[in-house]
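Numbering (this note's numbering), first residue to last: 436 to 524. To start, the structure itself, in C-alpha cells.
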C-alpha cells in the first residue's frame, strides 16, 4: 500500500557534515511551507540569555545539470605521519 504524507509546514534540520569554514552553517535542512520547498541553514549563536540558532530560509531551486568538469570535488588529504624514506612496516 502506497501512503501519501502531508509534509506541509514540516521539515528536518541536522548537522552540516560539509562545514569547512566558520561562516558555513552549523545545521542544514529543508521544509515545505504553502507548497513551496525551502532550504534551511542554521548557525549556533550565543545570546545574553544563552545559546540559540539563527535560521535562514531560501527557496529550493531546481538543480541544473552540471557541465562536465565544472565542479570537481577533491578528497581531503590524509595526514602522513611517515617521512618520504620511512616504510611503516
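For glycine and all other residues, C-beta sits at the position ideal for the given N, C-alpha and C.
Query                                                                                                                                                : Result
Let's test the definition: count the other Cβ atoms within 10 Å of the Cβ of residue 485 and tell me whether it reaches 16, buried, or not, exposed. : exposed
Measure how close the beta-carbons of residue 449 and residue 463 come, nearest whole angstrom, since I'm counting them as under 8 angstroms.        : 7 angstroms
Please confirm whether residue 473 and residue 489 have their CB atoms less than 8 angstroms apart.                                                  : no
Taking the straight line between their C-alpha atoms, what separation do you get for residue 469 and residue 457?                                    : 32 angstroms
Could you say which of 476, 480, 498 lies nearest to residue 491 if we only look at CA atoms?                                                        : 476
Closest by CA to residue 465, which one among 438, 444, 453, 487?                                                                                    : 444
Note the first and the last residue of the continuous beta strand (DSSP E) segment covering residue 494.                                             : 485-494
According to DSSP, is residue 497 helix, strand or coil?                                                                                             : coil
Tell whether a beta-carbon distance below 8 angstroms holds between residue 497 and residue 479.                                                     : no
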